[in-house]
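Numbering (mature numbering (1 follows the signal peptide of the UniProt record, and there is no 0)), first residue to last: -29 to -1, 1 to 207. Structure, as C-alpha coordinates:
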(Lines of atoms letter the chains of each structure in order from A and count residues from 1; the text may use other names and numbers.)
(Lines give C-alpha, C1' and ligand atoms only; values in the text may rest on other atoms or scores of the structure.)
Protein backbone atom coordinates (compact mmCIF):
# COMPACT_ATOMS: atom_id res chain seq x y z
CA UNK A 1 0.00 0.00 0.00
CA UNK A 2 1.33 3.45 -0.90
CA UNK A 3 1.70 5.97 1.86
CA UNK A 4 0.53 9.55 1.37
CA UNK A 5 3.47 11.88 1.79
CA UNK A 6 2.54 14.92 3.88
CA UNK A 7 5.95 16.13 4.99
CA UNK A 8 5.89 18.95 2.41
CA UNK A 9 2.69 20.37 3.94
CA UNK A 10 3.45 22.41 7.04
CA UNK A 11 0.88 22.62 9.87
CA UNK A 12 0.56 26.34 9.14
CA UNK A 13 -0.33 25.69 5.48
CA UNK A 14 -2.86 23.02 6.42
CA UNK A 15 -4.47 25.41 8.94
CA UNK A 16 -4.68 28.15 6.30
CA UNK A 17 -6.38 25.79 3.83
CA UNK A 18 -8.89 24.70 6.46
CA UNK A 19 -9.64 28.33 7.35
CA UNK A 20 -10.23 29.22 3.70
CA UNK A 21 -12.57 26.25 3.29
CA UNK A 22 -14.40 27.31 6.41
CA UNK A 23 -14.79 30.87 5.15
CA UNK A 24 -16.14 29.58 1.83
CA UNK A 25 -18.78 27.50 3.58
CA UNK A 26 -19.64 30.39 5.90
CA UNK A 27 -20.08 32.78 2.95
CA UNK A 28 -22.87 30.63 1.59
CA UNK A 29 -24.42 29.78 4.96
CA UNK A 30 -28.04 30.75 5.62
CA UNK A 31 -29.27 32.63 8.64
CA UNK A 32 -32.76 33.33 9.94
CA UNK A 33 -33.89 36.91 10.49
CA UNK A 34 -37.14 38.45 11.73
CA UNK A 35 -38.87 41.12 9.67
CA UNK A 36 -41.87 43.34 10.27
CA UNK A 37 -43.56 44.01 6.91
CA UNK A 38 -45.75 47.10 6.60
CA UNK A 39 -49.30 46.90 5.29
CA UNK A 40 -48.55 48.94 2.17
CA UNK A 41 -45.71 49.10 -0.31
CA UNK A 42 -43.70 52.15 -1.32
CA UNK A 43 -42.51 53.29 -4.70
CA UNK A 44 -38.84 52.56 -5.38
CA UNK A 45 -36.48 52.32 -8.32
CA UNK A 46 -34.40 49.24 -9.05
CA UNK A 47 -33.75 48.25 -12.65
CA UNK A 48 -37.09 49.99 -13.35
CA UNK A 49 -39.77 51.82 -11.31
CA UNK A 50 -41.49 49.37 -8.98
CA UNK A 51 -42.99 49.03 -5.52
CA UNK A 52 -41.06 47.59 -2.59
CA UNK A 53 -41.94 46.11 0.76
CA UNK A 54 -41.42 48.43 3.71
CA UNK A 55 -39.75 46.51 6.54
CA UNK A 56 -38.20 46.86 9.96
CA UNK A 57 -35.26 44.78 11.12
CA UNK A 58 -34.30 44.14 14.74
CA UNK A 59 -32.46 47.45 15.07
CA UNK A 60 -34.45 49.57 12.60
CA UNK A 61 -35.51 53.02 13.76
CA UNK A 62 -37.97 53.46 10.92
CA UNK A 63 -39.37 51.71 7.84
CA UNK A 64 -36.77 50.65 5.27
CA UNK A 65 -37.25 49.76 1.60
CA UNK A 66 -36.81 46.05 0.82
CA UNK A 67 -35.91 45.56 -2.84
CA UNK A 68 -35.82 41.74 -2.99
CA UNK A 69 -38.53 39.12 -3.31
CA UNK A 70 -39.35 36.71 -0.48
CA UNK A 71 -39.99 33.24 -1.87
CA UNK A 72 -43.14 31.63 -0.50
CA UNK A 73 -44.47 34.86 1.08
CA UNK A 74 -48.12 35.42 0.10
CA UNK A 75 -48.30 39.13 0.89
CA UNK A 76 -51.68 40.88 0.95
CA UNK A 77 -51.91 44.69 1.11
CA UNK A 78 -53.70 45.96 4.20
CA UNK A 79 -52.06 43.44 6.56
CA UNK A 80 -49.00 43.95 8.74
CA UNK A 81 -46.81 40.86 9.10
CA UNK A 82 -44.15 39.63 11.48
CA UNK A 83 -42.22 36.89 9.70
CA UNK A 84 -39.13 34.73 9.97
CA UNK A 85 -37.08 34.66 6.78
CA UNK A 86 -34.17 32.45 5.76
CA UNK A 87 -31.48 34.67 4.23
CA UNK A 88 -28.84 33.01 2.07
CA UNK A 89 -25.82 34.70 0.51
CA UNK A 90 -25.48 34.10 -3.22
CA UNK A 91 -22.38 32.39 -4.52
CA UNK A 92 -22.54 34.32 -7.81
CA UNK A 93 -24.40 37.62 -7.68
CA UNK A 94 -26.12 38.66 -10.94
CA UNK A 95 -25.85 42.28 -12.04
CA UNK A 96 -28.33 44.62 -10.32
CA UNK A 97 -29.38 41.86 -7.89
CA UNK A 98 -29.26 41.52 -4.13
CA UNK A 99 -26.34 39.61 -2.64
CA UNK A 100 -28.92 37.59 -0.70
CA UNK A 101 -31.92 35.40 -1.51
CA UNK A 102 -34.83 35.27 0.90
CA UNK A 103 -37.31 32.51 1.67
CA UNK A 104 -40.22 32.56 4.08
CA UNK A 105 -39.70 30.29 7.09
CA UNK A 106 -42.72 31.16 9.23
CA UNK A 107 -45.44 33.80 9.62
CA UNK A 108 -45.42 34.78 13.30
CA UNK A 109 -48.21 37.34 13.09
CA UNK A 110 -50.66 38.70 10.50
CA UNK A 111 -52.76 41.70 11.51
CA UNK A 112 -55.42 43.54 9.52
CA UNK A 113 -54.66 47.26 9.71
CA UNK A 114 -57.33 49.99 9.68
CA UNK A 115 -57.87 51.78 6.37
CA UNK A 116 -56.09 55.10 6.28
CA UNK A 117 -58.51 57.98 6.61
CA UNK A 118 -58.24 60.60 3.93
CA UNK A 119 -56.34 58.35 1.52
CA UNK A 120 -58.93 58.59 -1.24
CA UNK A 121 -59.23 62.35 -0.68
CA UNK A 122 -55.54 62.50 -1.58
CA UNK A 123 -56.10 60.40 -4.74
CA UNK A 124 -58.91 62.57 -6.13
CA UNK A 125 -56.86 65.74 -5.78
CA UNK A 126 -54.36 64.60 -8.42
CA UNK A 127 -54.02 63.33 -11.94
CA UNK A 128 -52.34 59.91 -12.14
CA UNK A 129 -50.05 59.19 -15.10
CA UNK A 130 -49.45 55.57 -16.12
CA UNK A 131 -45.78 54.70 -15.48
CA UNK A 132 -45.85 50.89 -15.37
CA UNK A 133 -48.15 48.18 -16.76
CA UNK A 134 -47.86 44.43 -16.25
CA UNK A 135 -44.34 44.82 -14.89
CA UNK A 136 -43.07 46.93 -17.81
CA UNK A 137 -41.89 50.49 -17.12
CA UNK A 138 -43.40 53.07 -19.47
CA UNK A 139 -41.44 56.16 -20.40
CA UNK A 140 -43.32 59.20 -21.66
CA UNK A 141 -46.64 57.35 -21.52
CA UNK A 142 -49.56 59.59 -22.54
CA UNK A 143 -52.10 57.57 -20.53
CA UNK A 144 -53.54 58.98 -17.33
CA UNK A 145 -56.58 58.70 -15.06
CA UNK A 146 -58.60 61.16 -12.95
CA UNK A 147 -61.23 60.32 -10.33
CA UNK A 148 -64.28 62.44 -9.43
CA UNK A 149 -65.22 61.64 -5.83
CA UNK A 150 -68.55 63.50 -5.75
CA UNK A 151 -69.94 61.89 -8.91
CA UNK A 152 -68.21 58.54 -8.55
CA UNK A 153 -66.86 58.92 -12.07
CA UNK A 154 -63.51 58.15 -13.68
CA UNK A 155 -62.04 59.55 -16.88
CA UNK A 156 -58.72 59.94 -18.62
CA UNK A 157 -56.71 59.24 -21.73
CA UNK A 158 -55.69 55.75 -22.85
CA UNK A 159 -53.17 56.50 -25.60
CA UNK A 160 -55.27 57.56 -28.58
CA UNK A 161 -58.74 57.92 -27.11
CA UNK A 162 -60.35 59.45 -24.05
CA UNK A 163 -62.15 57.01 -21.76
CA UNK A 164 -64.81 57.43 -19.10
CA UNK A 165 -66.97 55.45 -16.73
CA UNK A 166 -68.03 54.96 -13.13
CA UNK A 167 -66.30 53.42 -10.13
CA UNK A 168 -67.18 51.96 -6.75
CA UNK A 169 -64.73 51.90 -3.86
CA UNK A 170 -64.67 49.66 -0.80
CA UNK A 171 -62.39 47.58 1.44
CA UNK A 172 -59.21 48.47 -0.42
CA UNK A 173 -60.74 47.61 -3.80
CA UNK A 174 -61.93 49.64 -6.77
CA UNK A 175 -64.51 48.42 -9.27
CA UNK A 176 -64.54 50.06 -12.71
CA UNK A 177 -68.05 50.05 -14.24
CA UNK A 178 -69.81 51.12 -17.45
CA UNK A 179 -66.53 51.92 -19.16
CA UNK A 180 -66.50 53.50 -22.60
CA UNK A 181 -64.21 55.51 -24.85
CA UNK A 182 -64.13 57.69 -27.93
CA UNK A 183 -63.58 55.93 -31.26
CA UNK A 184 -60.70 57.83 -32.80
CA UNK A 185 -58.53 55.75 -35.15
CA UNK A 186 -55.14 54.88 -33.64
CA UNK A 187 -52.47 54.95 -36.38
CA UNK A 188 -49.52 54.67 -33.98
CA UNK A 189 -49.00 50.93 -33.37
CA UNK A 190 -47.30 51.40 -29.99
CA UNK A 191 -50.05 53.66 -28.70
CA UNK A 192 -52.71 51.34 -30.09
CA UNK A 193 -51.15 48.40 -28.24
CA UNK A 194 -50.83 50.46 -25.04
CA UNK A 195 -54.44 51.58 -25.22
CA UNK A 196 -55.79 48.10 -25.90
CA UNK A 197 -53.91 46.52 -22.98
CA UNK A 198 -54.71 49.38 -20.60
CA UNK A 199 -58.45 49.46 -21.32
CA UNK A 200 -58.62 45.67 -21.03
CA UNK A 201 -57.13 45.86 -17.53
CA UNK A 202 -59.70 48.35 -16.21
CA UNK A 203 -62.88 47.53 -18.15
CA UNK A 204 -65.47 46.08 -15.76
CA UNK A 205 -62.73 44.89 -13.39
CA UNK A 206 -62.37 44.91 -9.61
CA UNK A 207 -58.78 45.59 -8.56
CA UNK A 208 -57.13 46.00 -5.21
CA UNK A 209 -55.34 49.29 -4.78
CA UNK A 210 -52.98 51.09 -2.45
CA UNK A 211 -51.26 54.45 -2.32
CA UNK A 212 -47.50 54.34 -1.70
CA UNK A 213 -45.77 57.68 -1.36
CA UNK A 214 -46.49 59.27 -4.77
CA UNK A 215 -47.78 56.24 -6.66
CA UNK A 216 -51.24 54.73 -7.04
CA UNK A 217 -51.01 50.97 -7.54
CA UNK A 218 -53.56 48.40 -8.72
CA UNK A 219 -53.32 44.64 -8.19
CA UNK A 220 -55.03 41.68 -9.85
CA UNK A 221 -54.72 38.40 -7.94
CA UNK A 222 -52.05 40.01 -5.73
CA UNK A 223 -49.97 40.88 -8.82
CA UNK A 224 -49.11 44.52 -9.53
CA UNK A 225 -50.65 45.30 -12.94
CA UNK A 226 -50.84 49.10 -13.01
CA UNK A 227 -48.71 51.80 -11.41
CA UNK A 228 -49.52 55.49 -11.73
CA UNK A 229 -47.33 58.43 -10.78
CA UNK A 230 -48.78 61.55 -9.22
CA UNK A 231 -49.17 64.64 -11.39
CA UNK A 232 -50.88 68.03 -10.88
CA UNK A 233 -54.60 68.04 -11.57
CA UNK A 234 -55.51 70.30 -14.50
CA UNK A 235 -57.39 73.37 -13.38
CA UNK A 236 -60.71 73.95 -15.14
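Idealized CB from N, CA, C, for every residue including glycine.
Between residue 5 and residue 55 the beta-carbon gap is near 6 Å, inside 8 Å, which marks them as a contact.
Between residue 200 and residue 99, the beta carbon gap of about 7 Å places them in contact (Cβ cut-off 8 Å). Per DSSP, residue 169 is one residue of the alpha helix (DSSP H) stretching across 160 to 173. Per DSSP, reduced to three states, the secondary structure at residue 107 is strand. The segment 180 to 190 makes contact with the segment 138 to 152: 3 or more CB pairs, one atom from each, lie closer than 8 Å. DSSP, read as helix, strand or coil, puts residue 139 in strand.
Within the DSSP bridge table, the entry for residue 35 names 26 as partners.
When beta bridges are read from the DSSP output, residue 14 appears opposite 22. Here the segment 69 to 79 lies against the segment 34 to 49, with 3 or more beta-carbon pairs under 8 Å apart.
Residue burial is scored here from C-beta neighbours: residue 197 has at least 16 other C-beta atoms within 10 angstroms and is therefore classed as buried.
Taking each of 34, 150, 53, 12 in turn and checking the Cα distance to residue 124, the smallest one comes out for 150.
Shortest Cα-Cα distance from residue 113 to any of 191, 134, 128 involves 128.
Residue 65 and residue 15 have their C-alpha atoms roughly 20 Å apart. Rounded to whole angstroms, the gap between the alpha carbons of residue 82 and residue 132 is 42 Å.
With a 10 Å radius around the Cβ and a threshold of 16 neighbouring Cβ atoms, residue 110 comes out exposed. Within the same chain, Cβ atoms closer than 7 Å to the Cβ of residue 13 are found at 22, 23, 25, 36, 183, 184, the five residues on either side in sequence being excluded.
At least 8 Å separates the beta-carbon of residue 138 from that of residue 48.
Within the DSSP bridge table, the entry for residue 91 names no partner.
In terms of CA proximity to residue 115, 102 leads the group 52, 102, 153, 29.
Beta bridge pairing from DSSP links residue 181 with 188.
Scanning 148, 46, 79 for the CA closest to the CA of residue 176 turns up 148. Residue state for residue 155 is assigned as coil, using DSSP reduced to three classes.
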